[in-house]
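Residue numbers (our numbering), protein chains in the order written: chain Z, 2 to 226; chain W, 2 to 226. Taking it in order: structure first as structure tokens, then the write-up.
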DNA sequence: TCTTATCCATGCGGGTTTTGATCGTTGAGG
DNA sequence: CCTCAACGATCAAAACCCGCATGGATAAGA
């Protein structure tokens, strides 16, 4: 599990590195926004601890650019500020969580754990969530004894949803990851494939369902109880 | 949000009470160390403003005894002294923060907010105040076992109210943050959505209620127990 | 050529947002 | 104490937007 630490105050950065290292995270530390962006754009991290006040680019800008580049690595924003506007600003820039200094070490670890926890399970060349398994080699979706073949686009979208489970996958992320960054695909395309997938899901009698978040995107849900 | 003010100089105590009351904190004021201890031991407060120089028990002693009794209410120590020794002393006695007189009203409020931050704090993808949790990812409001989906505008307004808790959010601020600076939305629009939100709040049986401040705006309140 | 996958255009249905009307509340002034 | 005006709450209807499904056009591969 790799974590990128972005913090210009070297002592704090060190302390964070040590704290995470003790928990067996592999960490890289950078001290300014420009380096942060370079490192994070490799997409190799499972989480990023990002200070807001930084030389060069500030944390908000780093977060915004990462999301623009469709790097969806979870970001935990760190800041000394305590203003509502900053909280909203941070989350709007694409941060996933937010902590104000000074913070408790245990709490920080808990949040990092929370951020890196979800993700569908990949075993061999299958992705499985609940009763659904997606075979990556033959592009088919299985549930119980039944299975269906998926088209390429269907497959890519399903894989995204499964790997992101149970998080919401924004429509524009689906477009950029499935059609490509420079595509001119429209929202409607996604909707069409979601519709196909729902049909196949109900054919398979899977417990999972694709749910909509209006104006945002889709996520998989196991209807509870 | 309840704050105990401990300050023997009555004018200052009054001023503090007023300042906090404007921000919708409920305050109690006591003028000596013995009363302070009695009141604070009830454990009903979310923060304590504690003067050091007091008749009867001094502030340091009050803090020490509270911690002995395992009351962990955050304490903001107030004093005219500006010696490092006092700061260390105060913090060793169990104070969480320290301000020297004279102090700036804005700074005091910021520190109180910092001490009571657990309320209205962002944890993961959720904002929680009292028994209410707003899930930012799927835009739904939860209380106990029940939950409701919120429309986009409803969601934005609720988020503002929660993040600003317990302060009043002016109507024009709601309009500019939710509809945009250049919008021509009218006050009545806000009122309509507040009405929607109140309906959902009561459906959820939440203890929180949206209260009106005439000609100003709205705020969330936990009806006192 | 035939099949399959993908894309695009369209219209329906339902949720969201706006608007206007009505009625209740509050506070000031007579 | 009454009246009035300003403000706020609520409701219902209308307008609007979004997501979904369908069917046909187009492209790609067998």
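The beta-carbon is built from N, C-alpha and C at its ideal position, and this holds for glycine as well. None of the values given here were measured: they were computed from a predicted structure.
Check whether residue 80 of chain W and residue 63 of chain W have beta carbons under 9 Å apart:
Not closer than 9 Å, so no.
Contact residues within the segment 89 to 108 of chain Z, judged by C-beta distance below 8 Å to chain W
Those would be 89, 92, 97, 98, 99 and 101, in chain order.
Give me the Cα-Cα distance between residue 72 of chain W and residue 92 of chain W, rounded to the nearest whole angstrom.
15 Å
The alpha helix (DSSP H) with residue 153 of chain W in it runs from where to where?
Here the alpha helix (DSSP H) through residue 153 of chain W covers 153 to 165.
So which residues on chain Z does residue 153 of chain W lean against when the C-beta distance must stay under 8 Å?
215 and 216
Determine, for residue 201 of chain W, whether the minimum Cβ-Cβ distance to residues of chain Z falls below 9 Å.
no
Give the list of continuous beta strand (DSSP E) stretches no shorter than 3 residues that lie fully inside the segment 38 to 89 of chain W.
48 to 52 and 76 to 80
Report the CB separation of residue 155 of chain W from residue 99 of chain W in whole angstroms; it is logged as a contact under 8 Å.
Not a contact, Cβ separation roughly 41 Å.
Please state whether the Cβ-Cβ distance between residue 31 of chain Z and residue 77 of chain Z is less than 9 Å.
no
In three-state DSSP terms, what is residue 168 of chain W?
coil
Is any heavy atom of the ligand GTP found at a distance shorter than 8 Å from the C-beta of residue 68 of chain W?
Ligands in the displayed structure: none, and consequently the ligand GTP is not present.
Residues, ordered as in the chain, of the segment 55 to 73 of chain Z that lie near chain W by beta-carbon distance below 8 Å:
none
Would you say residue 165 of chain W faces chain Z, with C-beta separation under 9 Å as the test?
yes
Is DSSP giving residue 112 of chain W helix, strand or coil here?
Looking at residue 112 of chain W - three-state DSSP - the assignment turns out to be helix.
What would DSSP say about residue 35 of chain W, mapped onto helix, strand or coil?
helix
So what's residue 117 of chain Z in DSSP terms, helix, strand or just coil?
In the structure shown, the three-state DSSP call for residue 117 of chain Z is helix.
Are residue 131 of chain Z and residue 208 of chain Z close, meaning C-beta to C-beta below 9 Å?
At a Cβ-Cβ threshold of 9 Å, residue 131 of chain Z and residue 208 of chain Z count as neighbours.
How about residue 50 of chain Z and residue 17 of chain Z: do their beta carbons lie closer than 9 Å?
yes
Secondary structure at residue 20 of chain Z, three-state DSSP: helix, strand or coil?
helix
Nearest by alpha-carbon distance to residue 204 of chain Z: which of Z:110, Z:221, Z:144 and Z:124 is it?
Z:144
Nonlocal neighbours in the same chain, by C-beta distance under 6 Å from residue 163 of chain W, ignoring five residues either side:
Scanning its chain for C-beta atoms nearer than 6 Å, with the 5 sequence neighbours on each side dropped, one finds around residue 163 of chain W the residues 121, 128, 130 and 135, in chain order.
Going by CA-CA distance only, name the one from W:221, W:200 and W:180 that's closest to residue 165 of chain W.
W:221
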